[in-house]
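Before any comments, here is the structure.
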């Protein structure tokens, strides 16, 4: 809403300011055109600011923009009154810049231009997080001081017999040059970020490189058949390991479609794969088919459908296989055990840091497939940066301990029960993070948005990175997330310097404005520039590179919670993206 008003008001205010400061461009009836353009800016554009100011004044907490808003309203009323009198309303009347006091000037440039600046500041503040405690106190304190100084300047000038227009102009300059918002830099969640001692990476953010099938161990079954049936069940899945298997199978040849597909997060997938077998001798019909079909369920034996014949008389048989693809626990749920040879192969695969994917059909384990995932190109840098910050890097993985430890070692993470959290299913990620926090750790989680939300929501500080939509290719920029955390940890010092700079600014410019040496429009421009610079600075600091994600925000109750997992501790939820 503020942004829409801002765009409209900026378009209306621009010609008003230009005509006011460039006398050579002024033409007949320019003053009335400026009044027509400025009226909606002051009356409609600033309406949310007026409402907010009135409400806060009633509660005894005037907003930081109150002095400037008061000055713009006075400038609009003054200009309208002057314009209704000659000579300002005459067709050929012109006004120099800066205007003098005789004849009384119109200041629609101040009314419209400063209103736009206030809307810009309101938009930037609305896009960010609340100000810190010191900034809020300083901002509230400076408002009555500025109002008192402006009133004193006006009262002194009128009492001393000075030109009323000059005195009013100096008072308006005091109101406009003040920038109380400069005392209120956006604070985010600096306190909790500075207390972080553990950075927990999910496996998706470290091993975020493309997955690929590197080996197939079988129990004697043909490799082509293994890839064909595994690729059929893997094809509908978005899991990175499944995508690697489906790609390898497609490179080998066409794979049949899967029916009754069912995916279990953290375990794997199952389905029924039907194939044509030809030529077929009716006497070779499987026993299951001859007896009316095998047992029901995903681990049922292969079932032959009705025997048919092509147009040339060739007999064909439809054979359906119930296929299981995934973790050995998925096979165990269907009473399918890995033979010793495949179990040994699975352990060797996990020991190298690869993912072991078990395959079974028709009630028997047939193969174990090795899927490799390279570390993301920035994984080493991210972990090294965490160490340079004197924090402890850790890994959260759903893979067995041997595989998770191998991945952690490649990334530079020490092996140990508190640094490698292995075998954690997606539905148990929040509990794993909670256990770390229960041990006294202050945990920042680096995870992939949409895939690691449970872990992110349970963290003290969450750093959500953005990967490829299907999770199969690309990498999550963990280094950008860690850089965002590092910026957040430095932010309290930046806020303190900002408050100190705001004090120095006001001590320097308010006396100049009070002396009448600063035109109200220039005063408003200076105040607006300082306000926008201070309010907008944290936006530039918080944003990462174009391809990555890297901001932090609260995950709990002290700041707005956007996902579950919040507790009464001073926590925050963050998205890097």
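Numbering (the working numbering), first residue to last: 1 to 577. Using N, Cα and C, we set each Cβ at its ideal position, and we do this for glycine too. The model shown is predicted, which means the values in this text are computed figures rather than measured ones.
Item, Value
"Checking 8 Å against the spacing of the C-beta atoms, do residue 482 and residue 530 come in under that value?", "no"
"How long is the line joining the alpha carbons of residue 154 and residue 167, rounded to whole angstroms?", "5 Å"
"Determine, using beta-carbon pairs with one atom in the stretch 231-249 and one in the stretch 194-202, whether at least three such pairs fall under 8 Å.", "no"
"Relative to the C-alpha of residue 220, which residue among 255, 364, 169 is closest?", "364"
"Does the beta-carbon of residue 254 have 16 or more other beta-carbons within 10 angstroms, so that it is buried, or is it exposed?", "exposed"
"Decide yes or no for the touch test of the stretch 169-176 against the stretch 362-377: beta carbon pairs closer than 8 Å, at least 3 of them.", "no"
"Less than 8 Å separating the beta-carbons of residue 346 and residue 332?", "no"
"Can you tell me whether residue 515 is buried or exposed, with buried defined as 16 or more other CB within 10 angstroms of its CB?", "exposed"
"Since residue 38 contacts residue 76 with CB under 8 Å, what's their CB separation in whole angstroms?", "7 Å"
"Quick check on the DSSP output: the alpha helix (DSSP H) that includes residue 385 runs from which residue to which?", "379-388"
"Distance check for residue 461 and residue 26, CA to CA, integer angstroms please.", "56 Å"
"Is the beta carbon of residue 419 less than 8 Å from the beta carbon of residue 394?", "yes"
"Which residue comes first and which comes last in the alpha helix (DSSP H) that contains residue 40?", "30-40"
"Pick out the complete beta strand (DSSP E) segments inside the stretch 222-263, 3 residues or longer, and give them in chain order.", "none"
"One question on the structure: do residue 385 and residue 487 come within less than 8 Å of each other, judged by their Cβ atoms?", "no"
"Can you tell me the Cα-Cα spacing of residue 24 and residue 94, whole angstroms?", "9 Å"
"Just verifying my parser: in three-state terms, what is the DSSP assignment at residue 270?", "strand"
"When the distance is taken between beta carbons, is residue 108 closer than 8 Å to residue 45?", "no"
"Under the three-state reduction of DSSP, which class applies to residue 53: helix, strand or coil?", "helix"
"Taking the straight line between their C-alpha atoms, what separation do you get for residue 501 and residue 507?", "10 Å"
"Give the single residue among 375, 408, 400, 521 whose Cα lies nearest to the Cα of residue 477.", "375"
"Run the CB neighbour count on residue 241, radius 10 Å, all protein chains shown included, and call it buried at 16 or more, exposed below.", "buried"
"How long is the line joining the alpha carbons of residue 517 and residue 143, rounded to whole angstroms?", "22 Å"
"For residue 373, which beta-bridge partners are listed by DSSP?", "211"
"In angstroms with no decimal places, state the Cα-to-Cα distance between residue 489 and residue 380.", "21 Å"
"Could you tell me the alpha carbon to alpha carbon distance between residue 157 and residue 163, rounded to whole angstroms?", "7 Å"
"Tell me whether the beta-carbon of residue 411 lies closer than 8 Å to the beta-carbon of residue 206.", "yes"
"My guess is that residue 422 and residue 351 are in contact by the Cβ rule of under 8 Å, so how many angstroms apart are they, rounded?", "13 Å between Cβ atoms; not a contact."
"Output needed for residue 161: all residues of its chain with C-beta closer than 7 Å, excluding positions within five of it in sequence on either side, in chain order.", "none"
"With a threshold of 16 other CB atoms inside 10 Å of the CB of residue 32, please say whether the residue is buried or exposed.", "exposed"
"Is the distance from the Cβ of residue 463 to the Cβ of residue 479 below 8 Å?", "no"
"By DSSP's criteria, residue 97 is part of a beta bridge. Which residues make up the other side?", "Residue 97 pairs with nothing; no bridge assigned."
"Using the C-alpha atoms, what's the distance from residue 390 back to residue 442?", "13 Å"
"Report yes if the C-beta distance between residue 111 and residue 79 is below 8 Å; otherwise report no.", "yes"
"Got a sec, what are the start and stop residues for the beta strand (DSSP E) residue 360 sits in?", "355-361"
"Alpha carbon to alpha carbon, what distance is there between residue 430 and residue 48?", "41 Å"
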